[in-house]
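Chains as they are written, first to last, in our numbering: chain A, 1241 to 1398; chain B, 1241 to 1398.
No residue lacks a Cβ here, since even glycine has one placed at the ideal position from N, Cα and C.
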DNA sequence: CATAACGTTCACGTTAACGGCAAGGTTCTG
DNA sequence: CAGAACCTTGCCGTTAACGTGAACGTTATG
């Protein structure tokens, strides 16, 4: 379809450098099933496209920023694919009861994810609030120092 | 004789059950220095008070909800104690330059924590938004089914 | 005060998430 | 077409975060 679509496939060290992982890690993720076999060259070099890069960046983000284990990440990605399959199933039938069942199933999974994420977010927001409270406190003290106002020795009046 | 303020000290299985950890894990956390030696009984049973429970719950929350490693948690708790010591140092001097230096140092550490937490929060919010978008989508479909409205087959008139 | 129930300190085992070779093919480059 | 620079698949090593006894002391209870 798209004429430009052959963007050029990258080899493993290029992708590793690009997304900030090691080649070992990329292979390991493939071994775990987090990554599709991508594509192989004539010899058997792994070849990656832009979608693979996105997926790796996504995985890395979940791991580093959100603190998910690779098992949890695998679950999320699997759910993603189950979603795709469900869409196909959904379009493959016109039976209202079956369609509703498919949708409700999907909704259940989504809600479970939401609860888990919300708990994580709540905890982090709590810590952020605490940290900011302290920061405000410290900044207040610093301002006091700048203006020569000393709360510990308030009798500096004249 | 001892006032009522001595709330009663708990033994390790009681605390473990209470906060949802195993005894091994509690001992391990002490070994890592995440927990003070608490208190020991006549024999050498570990005895814990409410503060210990809070600390354990806090650790557990950071581990499970926020996805921090025990090393990171140790760092956070250490910073906490460094903060305490700094407050003592701060109160121990009246030299404005020294006070400012202490405050600026503390502010630096706080800001580093804040950046790290904010990145984590941002990533999780992103995922939550995505999850909710999907949820809305699914709920829309379900409503369509309930009302007999079928977007794929609009001419289902009877 | 016997004894069950609980605790203590080693110390070795396990799983996740990679690191680091070795032995050998593959691709590129002059 | 030869050598450098990559890549492949094993396979063993490592660190974090505990699990699981073993061998033995401590506390509560009928």
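Query: Contacts that residue 1347 of chain B makes with chain A (C-beta to C-beta distance below 8 Å); Result: 1375, 1378, 1379, 1382
Query: Residue closest to residue 1353 of chain B, alpha-carbon to alpha-carbon, out of B:1388, B:1379, B:1319; Result: B:1319
Query: For residue 1349 of chain B, three-class secondary structure by DSSP; Result: helix
Query: Which of helix, strand or coil DSSP assigns to residue 1286 of chain A; Result: strand
Query: Secondary structure of residue 1250 of chain B, DSSP reduced to three states; Result: strand
Query: Buried or exposed by the 16-neighbour rule on C-beta atoms within 10 Å, applied to residue 1360 of chain B; Result: buried
Query: Partners in chain B for residue 1355 of chain A, counting only beta-carbon separations shorter than 9 Å; Result: What residue 1355 of chain A touches in chain B: nothing, since even the nearest Cβ is about 10 Å away.
Query: Delimiting residues of the alpha helix (DSSP H) encompassing residue 1325 of chain B; Result: 1310 to 1331
Query: Buried versus exposed call for residue 1269 of chain B [16 or more other C-beta atoms within 10 Å across all chains shown]; Result: buried
Query: Chain-ordered neighbours of residue 1359 of chain A on chain B, where CB pairs are closer than 7 Å; Result: 1305
Query: Contacts of residue 1365 of chain A in chain B (Cβ-Cβ under 7 Å); Result: 1361
Query: Neighbour flag for residue 1336 of chain B against chain A, beta carbons, 7 Å; Result: yes
Query: Straight-line gap, residue 1330 of chain B to residue 1310 of chain B (C-alpha atoms, nearest Å); Result: 30 Å
Query: Where residue 1371 of chain B falls, given that 16 or more other Cβ within 10 Å makes a residue buried; Result: buried
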